[in-house]
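Taking the numbering used here as reference, the numbering of the sequence shown is continuous, increasing by one, and the terminal residue is 375.
Heads up, the beta-carbon is just placed ideally off N, CA and C, and yes, glycines get one too.
Just below is one structure, and these are the notes that go with it.
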Amino acid sequence: MPPPPPVLLDELLEEVFLRLPPDEPEHLIRASSVCRPWRRILAGRGFRRRYLEIHGTPPVLGLLRNGGSTYPLGSGFVPTSAFRPAELDLPGWSAVDCRHGRALFFPSPTRIKDVYGLLVWDPVTGDQRHVPSPDMNFRLGFGAAAAVVCAAEGCDHCGCHGGPFRVAAVFAGAGQEISARLYSSETGTWSELTSVHHPYHPPYSCANNMRSVLVGDALYFISLKNQIIEYRLGTLGLSLFDLLPEGKSMFLGMLMTAEDGGLGFAKPEGTTLTLWSRDTSPNGAVGWAQHRVINLETVLPRGALSIPFESCMIWLVGFMEGTQVIFIGIYATVYMVELKSGRARKVLDQGMDVYPYMSFPAMKAACTGQGH
Numbered sequence: 004m005p006p007p008p009p010v011l012l013d014e015l016l017e018e019v020f021l022r023l024p025p026d027e028p029e030h031l032i033r034a035s036s037v038c039r040p041w042r043r044i045l046a047g048r049g050f051r052r053r054y055l056e057i058h059g060t061p062p063v064l065g066l067l068r069n070g071g072s073t074y075p076l077g078s079g080f081v082p083t084s085a086f087r088p089a090e091l092d093l094p095g096w097s098a099v100d101c102r103h104g105r106a107l108f109f110p111s112p113t114r115i116k117d118v119y120g121l122l123v124w125d126p127v128t129g130d131q132r133h134v135p136s137p138d139m140n141f142r143l144g145f146g147a148a149a150a151v152v153c154a155a156e157g158c159d160h161c162g163c164h165g166g167p168f169r170v171a172a173v174f175a176g177a178g179q180e181i182s183a184r185l186y187s188s189e190t191g192t193w194s195e196l197t198s199v200h201h202p203y204h205p206p207y208s209c210a211n212n213m214r215s216v217l218v219g220d221a222l223y224f225i226s227l228k229n230q231i232i233e234y235r236l237g238t239l240g241l242s243l244f245d246l247l248p249e250g251k252s253m254f255l256g257m258l259m260t261a262e263d264g265g266l267g268f269a270k271p272e273g274t275t276l277t278l279w280s281r282d283t284s285p286n287g288a289v290g291w292a293q294h295r296v297i298n299l300e301t302v303l304p305r306g307a308l309s310i311p312f313e314s315c316m317i318w319l320v321g322f323m324e325g326t327q328v329i330f331i332g333i334y335a336t337v338y339m340v341e342l343k344s345g346r347a348r349k350v351l352d353q354g355m356d357v358y359p360y361m362s363f364p365a366m367k368a369a370c371t372g373q374g375h
């Protein structure tokens, strides 16, 4: 009988595993099911650290979209990689945020009278968690906005799955107030109500199609009064400040991550895209500065703007947080635009809101054989 084949050293196996593509997590999951030594390598802290160092920014595994054939009945997951979640559609739920390996949903308009609360979904592990509503008046379409963030201490947020999370909810309060509460999955409860006074007569509400931006420990939302709502997760402090210089409207624009990692804003004007950032001057004053104007005719694919002008409304439908990548909607088509390189490509034939799902394979799921 021939001798058994030599066993590869753990160091060599790790080098092989490190080269498995992050946008195809099924390879890690299959490798973890071979034997215990392989699972032990994949579960090690050293492997995870090196994997993240090599592959950098988490890949986009797919796009959550509201609109098209799923709207208003629910959201759909459109794969952009070999990864396929167990469920591609979530009927009855509308995506409102996606961050740190999780997606957040409100009940869709068809279920708003029947469902009370929110849904947090991890497409990699398939885990779904229902979150109770923070307020009797908290409803999608009625001046409310929400965001989901990882709550694991020391997490690098490149592949957080299965750990604790928090949900921030911002909504119109009583009278001339805007209110916010923070939910913890560890305690299963909402924080005490935090409110701030605004000078406008009701109704005062969040812009429902404007997703949040996380900068440091603060979440930012746009209100319908050209103001930004800042909610600090550490102190639960709530404040308001003006969106853009007087005379500039936020219509069709969107908050995003600025090039320096701070708070940014992008707004289409005709066939151009104007980028703003919130900067601090040498004397300490904080304000908005316009720093770039992009001609979309030179960026978008040929013919993208050739449809009749009355149908050629350009609007922003999404962005990749922490990057300079945005999604632009033109009529019924969605394009992904890399602002730094100027590259653009069509990603969807139809869609009203796009939430890119960015994540590395779930290392914990991989080493237990779960998540696919």
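Leu-122 - containing beta strand (DSSP E), residue span: Where Leu-122 is concerned, the enclosing beta strand (DSSP E) stretches over 121-124.
Distance between beta carbons of Ala-171 and Leu-236, contact taken as under 8 Å: 7 Å
Where Tyr-119 falls, given that 16 or more other Cβ within 10 Å makes a residue buried: exposed
For Phe-174, the three-state DSSP class (helix, strand or coil): strand
Close beta carbons around Gly-256, own chain, < 7 Å, minus the five adjacent residues each side: Phe-268, Ala-269, Lys-270, Leu-319
7 Å CB neighbourhood of Leu-196 in its chain, flanking five on each side removed: Ser-182, Arg-184
Gly-200 classed as buried or exposed, judged by whether at least 16 other C-beta atoms fall within 10 angstroms: One detail in the question is off: residue 200 reads as His in this sequence, not Gly. With fewer than 16 other Cβ atoms from the protein chains shown falling within 10 Å of its own Cβ, His-200 counts as exposed.
Expected contact under 8 Å - CB spacing of Arg-132 and Ser-188 to nearest Å: 7 Å
Cβ-Cβ separation, Pro-110 to Trp-96 (assumed contact under 8 Å), whole Å: 6 Å
Unbroken beta strand (DSSP E) run spanning Asp-92, endpoints: 92-94
Residue environment, Gly-59, which counts as buried when at least 16 other CB atoms sit within 10 Å: Looking at its Cβ environment, which holds fewer than 16 other Cβ atoms inside 10 Å, Gly-59 is exposed.
Neighbourhood of Thr-274 by C-beta, 8 Å cutoff - its chain only, sequence neighbours within 5 removed: Asn-298, Leu-299, Glu-300, Leu-308, Ile-317
As assigned by DSSP and simplified to three states, the class of Leu-342: coil
Distance between Phe-224 and Gln-230 (C-alpha atoms, nearest Å): 9 Å
Proximity below 7 Å, CB of Gly-79 to CB of Arg-87: In this structure, Gly-79 lies away from Arg-87, with their beta-carbon atoms at least 7 Å apart.
DSSP state of Arg-52 mapped onto helix, strand, coil: Arg-52 falls in the helix class under three-state DSSP.
Between the CA atoms of Leu-258 and Gly-325 - distance to the nearest angstrom: 12 Å
Among Leu-23, Arg-39, Tyr-334, the one whose alpha carbon lies nearest that of Tyr-54: Leu-23
Extent of the continuous alpha helix (DSSP H) run through Leu-35: Going by the sequence as given, residue 35 is Ser instead of Leu. It spans 29-35 - the alpha helix (DSSP H) in which Ser-35 sits, taken as one unbroken run.
Span separating the alpha-carbon of Tyr-186 from that of Ser-198: 16 Å
Length of the line joining the Cα atoms of Ala-106 and Asp-100: 6 Å
Sheet register partners of Val-218 (DSSP bridge): Ala-221
C-beta contact flag for Val-357 and Leu-66 at 7 Å: yes
Secondary structure of Cys-370, DSSP reduced to three states: Because the pLDDT of Cys-370 is 46, which lies under 50, any placement of that residue in the model is unreliable, and the number read from its coordinates should be weighed accordingly. Of the three classes helix, strand and coil, the one that applies to Cys-370 here is helix, per DSSP.
Val-63, buried or exposed, once every other Cβ within 10 Å from all chains shown has been counted against 16: It counts as buried.
Pro-245 - containing beta strand (DSSP E), residue span: Residue identity check: residue 245 is Asp in the sequence provided, not Pro. First-last of the beta strand (DSSP E) with Asp-245: 241-245.
Alpha-carbon spacing of Leu-12 relative to Phe-50, whole angstroms: 14 Å
Entirely enclosed beta strand (DSSP E) segments - the region 260-334, minimum 3 residues: Counting only runs of 3 or more, we get 266-272, 275-283, 289-298, 317-323, 328-333.
Sheet register partners of Thr-336 (DSSP bridge): Ile-333
Three-way DSSP call (helix, strand, coil) for Phe-1 in this model: What the structure shows of the chain is the stretch from 4 to 375, and residue 1 is not part of that stretch, so it cannot be assessed.
Close beta carbons around Leu-342, own chain, < 6 Å, minus the five adjacent residues each side: Gln-327
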